[in-house]
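Colleague: What follows is a single structure, and I will ask about it in a moment.
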Amino acid sequence: MTPEYPSPAPATPPVGVAVGQGQPNDGRTGVPVPRRVRVHHLRQAKARGERISMLTAYDAVTAQILDEAGIDTLLVGDSIGNTMFGFDSTIPVTVDDMIPAVRAVASAAKRAFVIADLPFGCYEASPQAAHASAVRMVKEAGAHAVKFEGGAHLAPHVELLTNVGIPVVGHLGFTPQSENMLGGKRVQGRGDDAAEKLVQDALALQDAGAVLLVLEMVPASLAERITEVLDIPTIGIGAGVHCDGQVLVWTDMAGMSSWSPRFAKQFGEVGAELYAAARAYKREVAEGTFPGPQHSFQDE
Ligand code: KIV
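Numbers in our numbering are just positions in the sequence shown, counted from 1, shifted up by 20.
What follows is the structure, encoded as structure tokens:
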């Protein structure tokens, strides 16, 4: 029997494509719990033409909201360095920085497939290094998969992790951990040779066992070609509409960032809302109108 792609929790407003049914009851509380999105659901989604949604998340509060909204996959990206730690790149982020964030997101997300980024320096040197770092993400932090940046030269790393049961997500195109080598944030894969290399890298990662492939800042036509060539789903960021899914950094998506890249559409004004709430709080504290009687305790 073909497993169904899990639906979001019942309270979830309809988002994206219909992704099938399935609300198993946990048998104790009577409260329906959503089924977990898993690797085979993502593959089925591609086969059925259902588009996969991915957002980054770095903490439990946000992850719970995004999960309840029905986002299919949450990526604890090393973009945590830019968004939460105030660095100007992802390069300083460490595995120890990532672990608490991954643990928070994995604990809060009841439905989403949770992916942990392997940060710069913890996986490139050998498949064994990748294994050691990935095991920490899965075992200590509860990730369902790990992602790392790079092409065919990392196929042995993907193969080892796949063989020991850790799903791997590839990341090609603009790879932020290599921005010093790439000469800054630049579109990748322009021109026949560069495009062909990206296609070959994508195939090598798939052949080694990768379960998903993120394509960042590549021409839309190239992302379309890679998406057609691969059996595994592609997830685009600045890679056009023909990928099997899309990912954005949640702070860009929600309007929390002071700057965001051209490809990042802003779907909300959360930053402005937070600013307004903080201003209102400050005003009431200054005026002495907060706390009111309803927020205060009496003798009896
Ligand atoms: O770290 C991150 O947020 C990412 C996405 C931009 C894909 O890798």
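Glycine is no exception: its CB is placed at the ideal position from the N, C-alpha and C atoms.
Under 7 angstroms Cβ to Cβ from Q84, same chain only, skipping five residues before and after it: list those, please.
Modeller: Excluding positions up to five away in sequence, the list reads A128.
Colleague: Is it buried or exposed for D98, if we count other Cβ within 10 angstroms and need 16 for buried?
Modeller: The residue in question, D98, is buried, as its Cβ has 16 or more Cβ neighbours within 10 Å.
Colleague: Looking at the structure shown, is M74 part of a helix, part of a strand, or coil, going by DSSP?
Modeller: In the structure shown, M74 sits in a strand (DSSP, three-state: E or B).
Colleague: Mind listing, in chain order, the continuous beta strand (DSSP E) runs of no fewer than 3 residues lying wholly within the segment 114-155?
Modeller: Segments of the beta strand (DSSP E) lying fully in the segment 114-155: 133-137.
Colleague: Taking buried to mean at least 16 other C-beta atoms within 10 Å of its own C-beta, is G204 buried or exposed?
Modeller: The residue is exposed, with fewer than 16 neighbouring Cβ atoms inside 10 Å.
Colleague: Can A154 and I186 be called in contact, C-beta distance under 9 angstroms?
Modeller: Yes, Cβ-Cβ distance for A154 and I186 is below 9 angstroms.
Colleague: Which first and last residues belong to the beta strand (DSSP E) in which V267 is found?
Modeller: Its beta strand (DSSP E) spans residues 265-268.
Colleague: Compute the beta-carbon to beta-carbon distance between G254 and A243, rounded to the nearest angstrom, for a pair I have assumed lies under 8 angstroms.
Modeller: What sits at residue 254 in the sequence shown is Thr, not Gly. That pair is a contact at about 7 angstroms.
Colleague: So who's on the other strand from H191, going by DSSP bridges?
Modeller: Partner(s): E169, V234.
Colleague: Would P139 pass as a contact of T110 if the rule is Cβ separation under 9 angstroms?
Modeller: Their beta carbons are under 9 angstroms apart, which means P139 touches T110 by this criterion.
Colleague: Since D79 and A124 should fall inside the 8 angstroms C-beta cutoff, what is the C-beta to C-beta distance between them, to a whole number of angstroms?
Modeller: Their Cβ separation, rounded to whole angstroms, is 5 angstroms, which keeps D79 and A124 in contact under 8 angstroms.
Colleague: Indicate whether H151 and L180 have their beta-carbon atoms separated by less than 9 angstroms.
Modeller: Contact flag set, yes.
Colleague: Using a Cβ-Cβ cutoff of less than 7 angstroms, which residues in the same chain neighbour V188 once the five nearest sequence positions on both sides are dropped?
Modeller: Result list for V188: A165, V166, V178, L181, T182, G229, A230, V231, in chain order.
Colleague: Considering Cα atoms alone, identify which of A67, L75, M157, V57 is closest to I257.
Modeller: Nearest of A67, L75, M157, V57 to I257, Cα basis: L75.
Colleague: So, for F17: in the same chain, excluding its five sequence neighbours on each side, which residues have a beta-carbon less than 6 angstroms away from its beta-carbon?
Modeller: What is shown of the chain runs 21 to 320, which leaves residue 17 out entirely.
Colleague: Quick one: using the 10 Å Cβ neighbour count with 16 as the cut-off for buried, is R245 buried or exposed?
Modeller: Buried, since its Cβ has 16 or more Cβ neighbours within 10 Å.
Colleague: Since F287 contacts M273 with CB under 8 angstroms, what's their CB separation in whole angstroms?
Modeller: Right, their Cβ atoms sit about 5 angstroms apart.
Colleague: Per DSSP, T96 is paired with what?
Modeller: According to the sequence as given, residue 96 is Val; it is not Thr. Looking at the DSSP assignment, V96 forms a beta bridge with A136.
Colleague: Bridge partners for I257 per DSSP, in chain order?
Modeller: Answer by DSSP bridge pairing, in chain order: E236.
Colleague: Decide if E320 is buried, meaning its Cβ has at least 16 other Cβ atoms within 10 Å, or exposed.
Modeller: E320 is exposed by the Cβ-count criterion.
Colleague: Below 8 angstroms, is the gap between the Cβ of P196 and the nearest heavy atom of the ligand KIV?
Modeller: For the ligand KIV, at least one heavy atom lies less than 8 angstroms from the Cβ of P196.
Colleague: Give the single residue among V57, L86, L235 whose Cα lies nearest to the Cα of H131.
Modeller: Reading off the sequence shown, one finds Arg at residue 131, where the question assumed His. Checked all of V57, L86, L235; the closest Cα to R131 is V57.
Colleague: Assuming Q226 contacts L250 (C-beta within less than 8 angstroms), just tell me the rounded distance between them.
Modeller: About 5 angstroms separates the two Cβ atoms, so the contact holds.
Colleague: Just the C-alpha distance for A306 and S278, rounded to the nearest angstrom, thanks.
Modeller: When rounded, the distance between both Cα atoms is 28 angstroms.
Colleague: Between which residues of its own chain and I119 is the CB-CB distance below 8 angstroms, once the five residues before and five after are set aside?
Modeller: Excluding sequence neighbours, I119 sits near R156, M157, E160, A161.
Colleague: What's the C-alpha gap between V81 and A126?
Modeller: Looking at the two C-alpha atoms, the distance is approximately 11 angstroms.
Colleague: List the endpoints of the continuous alpha helix (DSSP H) containing H262.
Modeller: Note, H262: premise wrong, no alpha helix (DSSP H); not H, not E.
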